[in-house]
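For the sequence shown, the numbering used here gives the first residue as 58, with consecutive numbering after it. Where a beta carbon is used, it is the ideal one built from N, C-alpha and C, also for glycine. One structure below.
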Amino acid sequence: MESRLLDTLVCPLCKGRLDYNREQAELTCRADRLAYPVRDGIPVMLESEARSMDTPRPDTAAL
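Okay, here's the thing in structure tokens:
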């Protein structure tokens, strides 16, 4: 994820800063505790696609 893109993107709910989690391919909003997926290098900035950071990812829940 390019730093220039990260500087431009904001959380669609609170307009706050996003952090990129390379391991999980997600953009995270600490304020709203949401993680937006990055699929094929494209951020999916839809609330309906966001994962609550309070619940584990489905693919890691069994670990």
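Checklist entry - Under a three-way DSSP split, which group does D89 fall into? => result coil
Checklist entry - By a C-beta neighbour count over all protein chains shown, 10 Å radius and 16 as the cutoff for buried, is L70 buried or exposed? => result exposed
Checklist entry - Looking only at DSSP bridge pairs, what is L63 linked to? => result The partner list for L63 (beta bridge, DSSP) is empty, contrary to what the question assumes.
Next on the checklist: By the DSSP assignment, the beta strand (DSSP E) with D76 in it spans what residues?
Outcome noted: D76 to N78
Checklist entry - Using the rule of at least 16 other Cβ atoms within 10 Å of the residue's Cβ for burial, across every protein chain shown, is A107 buried or exposed? => result buried
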